[in-house]
Amino acid sequence: MLTTSIIAYNHNTFLKPNLGLGYPQVNLMLHRMSHDALWRGSIHPREIENAWIDASERAAKLCQYEIDSGRRVVILGGDISGLGIFSCLIKEMPNLQFECLDTHLETLWHEAIVPIKPDWDFLKYNETSDGSTLKCSLASELPVDLIFSEKIKCLYLYDVNPTNQQSVINELMRFFK
0 MLTTSIIAYN
10 HNTFLKPNLG
20 LGYPQVNLML
30 HRMSHDALWR
40 GSIHPREIEN
50 AWIDASERAA
60 KLCQYEIDSG
70 RRVVILGGDI
80 SGLGIFSCLI
90 KEMPNLQFEC
100 LDTHLETLWH
110 EAIVPIKPDW
120 DFLKYNETSD
130 GSTLKCSLAS
140 ELPVDLIFSE
150 KIKCLYLYDV
160 NPTNQQSVIN
170 ELMRFFK
């Protein structure tokens, strides 16, 4: 069975929220289930327009490294950074096949990922593939057979937010331990 790495993040941390001064940032948490290892770090891209794209690309590189190292990746997301990481993975790893069956995510995709999006029709074309290696899903509706599928190398849970992130992580750890 594949070992699993969980990558959780949030973005847009503000230096002085009351003044509106801030910078795009992706806070990453990498939890390697096989070693019970936990790593936390932050990516601070340059303060430019669409700097979250730069941060998402770097986070996608971490995901790619984990996948290339033989680990499955679970990306916990729920904001624009998650979509950015997901779309950057598609660009970086064109050999992966993708599956996404949710119209809500498609709407977010068209609204938010214009600067870096691959063709959404490419994703829809592969949505019935038996060889899918990347899957989008709701954490609140995550079936057990999806968690244990050997075919899925990357699972993107796109309804994770600061209020439910810890409970989702606890549930995933219960399955993967």
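Heads up: the sequence shown at position 30 corresponds to 29 in numbering that gives the first Met the number 0, and the numbers run straight through without jumps. Note that the Cβ used here is the ideal one computed from N, Cα and C, for glycine as well. All figures in this text were calculated on a predicted structure; none of them were measured in a lab.
Over the uninterrupted beta strand (DSSP E) stretch that includes residue i, give me the two end residues.
i: tyrosine 155; result: 153-156
i: valine 159; result: Taken as a continuous stretch (DSSP letters only), valine 159 belongs to no beta strand (DSSP E), as it is neither H nor E.
i: leucine 141; result: Premise fails: leucine 141 is in no beta strand (DSSP E) and is neither H nor E.
At the level of alpha carbons, what is the spacing between residue i and residue j?
i: lysine 60; j: leucine 75; result: 16 angstroms
i: methionine 172; j: serine 166; result: 10 angstroms
i: leucine 141; j: arginine 70; result: 19 angstroms
i: valine 143; j: glutamate 170; result: 11 angstroms
i: serine 68; j: methionine 92; result: 14 angstroms
i: aspartate 53; j: serine 139; result: 29 angstroms
i: glycine 83; j: isoleucine 168; result: 21 angstroms
i: alanine 58; j: glutamine 164; result: 18 angstroms
Count the other C-beta atoms from every protein chain shown that fall within 10 angstroms of the C-beta of residue i, then say buried if there are 16 or more, exposed otherwise.
i: valine 159; result: buried
i: serine 86; result: buried
i: serine 55; result: buried
Do residue j and residue i come within 8 angstroms of each other at the CB atom, strictly closer than that value?
i: isoleucine 66; j: lysine 152; result: yes
i: glutamine 63; j: leucine 29; result: no
i: leucine 156; j: valine 73; result: yes
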